[in-house]
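Here is the structure we will look at.
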Amino acid sequence: MKTNGWRTLSFSISIFAVALSLSHESHAQSGSEEATTKLKDVSSFPIGSSMSTRHYLWRPDLAALHVEQFNSVTAGNAMKMHFVAREPGGYDFGPADQMLAFAEENDQRLFGHTLIWHSATPDWVEDLSEDPEALDAFMKDYIHTYVGRYKGKVAGWDVVNEAMNTSGPGYRQSVWYRALGKDYIAKAFTYAHEADPEAVLFYNDFNIERDMEKLDTALEMISDLTNQGVPISGLGFQMHLRMDIPDETIAEALRKGAATGLQIHLSEVDIIFNRHDDTRGGGEQIYSELTDEMREQQAEKYRNLVLMYRRIIPEEQQFGITFWGFSDGSTWIPGFFGMKDWPCIFDEELNPKPAFYGFKEGLEASLSE
Ligand code: 9MR
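Structure (structure tokens):
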């Protein structure tokens, strides 16, 4: 049974946790006390990361480090539609159940990613769009069944992900949009709220911290939804950052986000040095080596990001900060963009980078400075 499997995993996690905390001490920059302080212990809001069930099962070292440092977890892939609704005629909640078991056994908040996303819509669901009513009926059943199953267990959901064009203004012409118009968004939030009135319901998107036309389109949508009484309660900034995105631009975007009054989640944080064009395989390798100077600059960027979040987002709107992977050895970046990079706070060997200490400083700094 799964439960036994997870018990065994929890046991191995505690062994690894001890080993890892020892190894952190040897990499401490300014004393073992600082190195062994956990991010989750110095933060007033939840800190998390995406993880895959595969990693939990095959990489107990990653799982142990996650549990040691974080108190929130998002499935990197396992809770997407193309896994849950792989085939017509039923849902497979096995991987989502594994995520829940991991979260419950390790005191983690479970965040649901993601209900409606063009990129995770299986072909057979896309085919339903020839009959918009059938697509809507599927969406209703999917969200009711899925969110209802995890009612009270999943704290919040990315209800709709990436509904805006990749850049500039306008809605993405996804299969959902083409069949149901932009109303699909209001419907998705309504269905999710019906299934779990307590869950925090997010709209989530990328590049909205740098592309003001895109952000403004999302904000207009949010204000339309709110005016219609649609139960949207959160805005997720994915925050796949690049070193040269100016902090002032990010701050401006956060100010606009905060003004919605919604919960604000930095939902998929990482910071790269190289560039890409937002498409699979579209990486441009400018830097092929990570220098000490780059490490320090990245630490500063992570520190500033946390400070901006703490200063700009009112405490009651701080849903938390979630990394999209925390080790340079297992980040999604090289596989997706076809380029090497070092976006995370831990290196390939799971040693804390200056970025880890920068992030932690951002959490600990007094805001009256
Ligand atoms: O990290 C995820 C990668 O493993 C998947 O192949 C990909 C497609 O499902 O999705 C990645 O995660 C994405 C997230 O779900 C939504 N925002 C962008 C993330 C990076 O592409």
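With my numbering applied, the sequence shown covers 5 to 373.
Yeah, the Cβ is synthetic: ideal placement off N, Cα and C, and Gly gets one too.
Just so you know, these numbers come straight off a predicted model, no measurement behind them.
Residue i - partner residues in DSSP beta bridges
i, result
"Arg-113", "Ser-76"
"Arg-246", "Ile-276"
"Leu-354", "Looking at the DSSP assignment, Leu-354 forms no beta bridge with any residue, so it has no partner."
"Asp-209", "Phe-241"
"Leu-270", "Phe-241, Ile-325"
"Ser-54", "Thr-78"
"Val-234", "Paired residues: none, contrary to the question."
"Val-179", "Val-179 is not bridged to any residue."
"Ser-331", "Phe-350"
"Trp-121", "Asn-165"
"Glu-288", "Arg-279"
"Val-204", "Gly-160"
Distance CB(residue i)-CB(residue j) smaller than 8 Å
i, j, result
"Thr-253", "Met-168", "no"
"Gly-185", "Lys-218", "no"
"Pro-347", "Ile-249", "no"
"Val-163", "Tyr-207", "yes"
"Gln-267", "Ser-292", "no"
"Val-71", "Ser-53", "no"
"Ile-226", "Thr-264", "yes"
"Arg-113", "Ala-105", "no"
"Met-216", "Ala-255", "no"
"Ala-68", "Tyr-60", "no"
"Gly-394", "Gly-342", "This structure leaves residue 394 out entirely; the chain is present only between 5 and 373."
"Arg-279", "Arg-314", "no"
"Met-2", "Thr-125", "Look at the range of the chain in this structure, 5 to 373, and you will see that residue 2 is not part of it."
"Pro-358", "Ala-303", "yes"
"Lys-155", "Ala-199", "yes"
"Val-151", "Ala-196", "yes"
"Thr-170", "Asp-65", "no"
"Leu-270", "Leu-43", "no"
"Glu-166", "Phe-210", "yes"
"Ala-79", "His-117", "yes"
"Leu-258", "Ile-316", "yes"
"Ser-331", "Leu-309", "no"
"Val-273", "Phe-360", "no"
"Arg-58", "Phe-97", "no"
"Leu-229", "Ala-183", "no"
"Phe-363", "Tyr-306", "yes"
"Ala-190", "Val-234", "yes"
"Gln-322", "Phe-74", "no"
beta-carbon residue i near ligand 1 non-hydrogen atom, thresh 7 Å
i, result
"Phe-210", "yes"
"Glu-368", "no"
"Trp-328", "yes"
"Phe-340", "yes"
"Trp-62", "no"
"Gln-451", "One cannot answer for residue 451 here, as it falls past the ends of the chain, which runs 5 to 373."
"Ala-124", "yes"
"Gly-287", "no"
"Trp-336", "yes"
"Glu-272", "yes"
"His-70", "no"
"Gly-80", "yes"
"Asn-165", "yes"
"His-280", "no"
"Lys-44", "no"
"Gln-242", "yes"
"Pro-84", "The sequence as given places Lys at residue 84; Pro does not occur at that position. Checking every heavy atom of ligand 1 against the Cβ of Lys-84, one is found closer than 7 Å."
"His-117", "yes"
Closer than 8 Å to chain C by CB, residue i
i, result
"Val-310", "The structure shown has no chain C; it contains just one protein chain."
Beta strand (DSSP E) runs wholly inside the region 150–177, at least 3 long, in chain order | 158–165
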